[in-house]
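Residue numbers (full-length UniProt numbering): 1 to 214.
Now the structure itself:
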């Protein structure tokens, strides 16, 4: 009887150790980056873009996350809206990160139109079952302080209306260093891509409920 009790206690203790020691396995998820040239890697192979850099990193550190770059250089909010159904049907993402509007702003499009397009993109992605986050975007002061202010303000307003996260504009930390910019002064160069990945990685992982140590 004594041996039986000892064995029972040891068995229960061993099971408890196993339960406590087991780390929960994160579910596989897919994240689509829906952006323009800043995420597509303008002037370089897409694999060299910051999204491509993260894809390579996460294959080792977060193999449960499938990262898909659906960004196209030169794309506008209307262009992305036009192709969104195909992106959603093809990839069926769990998450969509929207980095759009810079080309709209550089062309002086009406901020109300940009916001309407962004809201429709968000709505359609959510209707397809995806969670959505929006990137703040800023443009050079080509159109004066009034337009720039209206353009910058449409992003927090859009995120608030849609009740989604607004992530900071990653270019704000890059554009201040000329050595990280291409000759046009708008697009980040190859050297900037790993730095942008460093900026975006913790923000995206936090949004996905992951940690950098996983």
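Virtual Cβ for every residue (Gly too), placed ideally from N, Cα, C.
Identity of the residues DSSP links to residue i by a beta bridge
i	result
residue 134	98, 166
residue 35	99
residue 179	Looking at the DSSP assignment, residue 179 forms no beta bridge with any residue, so it has no partner.
residue 29	65
residue 188	181
For residue j and residue i, the rounded distance between their alpha carbons
i	j	result
residue 98	residue 123	12 Å
residue 88	residue 81	11 Å
residue 104	residue 114	7 Å
residue 32	residue 144	33 Å
residue 128	residue 197	27 Å
residue 79	residue 102	12 Å
residue 58	residue 65	7 Å
residue 159	residue 166	6 Å
residue 46	residue 119	27 Å
residue 147	residue 154	11 Å
residue 134	residue 84	15 Å
residue 152	residue 186	17 Å
residue 23	residue 202	Confidence is the limiting factor: at residue 23 the pLDDT is only 40, short of 50, which leaves the residue's position unreliable, though a coordinate-based value still follows. Cα to Cα, residue 23 sits roughly 21 Å from residue 202.
residue 61	residue 192	21 Å
Exposure label - residue i; buried when at least 16 CB within 10 Å
i	result
residue 163	exposed
residue 111	buried
residue 93	buried
residue 210	buried
residue 90	exposed
residue 188	buried
residue 149	exposed
residue 117	buried
residue 176	exposed
residue 27	exposed
Whole-angstrom C-beta distance between residue j and residue i, which should lie under 8 Å
i	j	result
residue 173	residue 199	6 Å
residue 53	residue 194	5 Å
residue 169	residue 126	Incorrect: roughly 22 Å between the Cβ atoms, too far for contact.
residue 100	residue 204	Between residue 204 and residue 100 the Cβ distance is about 16 Å, and since that is not below 8 Å, they are no contact.
Chain C contact for residue i (CB, 8 Å cutoff)
i	result
residue 182	Considering every chain present, this structure includes no chain C. It has just one protein chain.
beta-carbon residue i near the ligand GDP non-hydrogen atom, thresh 7 Å
i	result
residue 100	Ligands in the displayed structure: none, and consequently the ligand GDP is not present.
- Message: Does the segment 70-79 come into contact with the segment 30-46, if we say contact requires no fewer than three beta-carbon pairs (one atom in each stretch) closer than 8 Å?
- Response: yes
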